[in-house]
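A.B. asks: First the structure, then my questions, so here it is.
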Amino acid sequence: MSGLVRLSDLAASAGLLWSRPNRRGQAKADHCPFCGDRKGNLELNLHKDVFHCWVCDSKGGVISFYAKLHGLSDMEAKQTLYPRHRTRPLHPAEHLTNAQLQSIGFLPMRIQKPTSWSMSAWLAYRKRTLDCVWQAWCEHEQDERETTERLQRLFEQASQRLPEWRYEHDQRVQRAQAPTENGENLPRTQTGASER
Ligand SMILES: [Zn+2]
Numbered sequence: 048m049s050g051l052v053r054l055s056d057l058a059a060s061a062g063l064l065w066s067r068p069n070r071r072g073q074a075k076a077d078h079c080p081f082c083g084d085r086k087g088n089l090e091l092n093l094h095k096d097v098f099h100c101w102v103c104d105s106k107g108g109v110i111s112f113y114a115k116l117h118g119l120s121d122m123e124a125k126q127t128l129y130p131r132h133r134t135r136p137l138h139p140a141e142h143l144t145n146a147q148l149q150s151i152g153f154l155p156m157r158i159q160k161p162t163s164w165s166m167s168a169w170l171a172y173r174k175r176t177l178d179c180v181w182q183a184w185c186e187h188e189q190d191e192r193e194t195t196e197r198l199q200r201l202f203e204q205a206s207q208r209l210p211e212w213r214y215e216h217d218q219r220v221q222r223a224q225a226p227t228e229n230g231e232n233l234p235r236t237q238t239g240a241s242e243r
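Positions 48 to 243 (my numbering) are the ones given, in order, by the sequence shown.
Here is the structure:
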């Protein structure tokens, strides 16, 4: 699977040499680090990441290999090889919810490393993609903020003008209703507000 420690890496770091693997991935190690056999009795399967020594009967997978090599329990070896908590901090784009991703036109799907890619090419591609998603999200947020601010300003302007209209309207209505000294009585004040 992905991100797993390979048996070949552990065997190499333990100083083992091995024969060219056959098509099933089986290879003979030059020695067994557990019993010291030097007659090729330790078999490695580099496809399945398992090992077996025909002399000391040591066998298992990557975790057992590491555990035996370092005198650890399988549990300790597992915790060393695969710490429970990932130390890699998440990219900010990885915190976005599916709904947020969809709102900026991205399909919320998990992208996976194509098997033919090298890890470094994959990580670079992954970072570029996440950077791109994050930038789109920041621009989207900025747009939203600006739209909200614009609407808020319009509302504020409208509500500042409203009392004024009403006041003037009321004044005109009062003036219209009250007989003035010179007898002026303005019937058109009813539509005064909308004329502005
Ligand atoms: Zn052995």
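Every residue, glycine too, gets a C-beta built ideally from N, C-alpha and C.
Identify every run of the beta strand (DSSP E) within the region 71 to 129, keeping only runs that are complete inside it and at least 3 residues long; order them along the chain.
C.D. replies: 73 to 75, 89 to 92, 97 to 100, all fully within the region 71 to 129.
A.B. asks: Per DSSP, what kind of secondary structure is residue 65 in: helix, strand or coil?
C.D. replies: Residue state, collapsed to three classes: strand.
A.B. asks: Please classify residue 224: does DSSP put it in a helix, a strand, or coil?
C.D. replies: Residue 224 falls in the helix class under three-state DSSP.
A.B. asks: Can you look up residue 195 in the DSSP assignment and give me helix, strand or coil?
C.D. replies: Note: residue 195 maps to helix in three-state DSSP.
A.B. asks: Below 6 Å, is the gap between the Cβ of residue 185 and the nearest heavy atom of ligand 1?
C.D. replies: Incorrect: residue 185 has no Cβ contact closer than 6 Å to ligand 1.
A.B. asks: In terms of residue numbering, what span does the alpha helix (DSSP H) encompassing residue 58 cover?
C.D. replies: Here the alpha helix (DSSP H) through residue 58 covers 54 to 60.
A.B. asks: Taking 6 Å as the limit, tell me which residues put their C-beta closer than that to any heavy atom of ligand 1, in chain order.
C.D. replies: After applying the 6 Å Cβ criterion, the set is 79, 81, 82, 84, 89, 100, 102, 103, 105.
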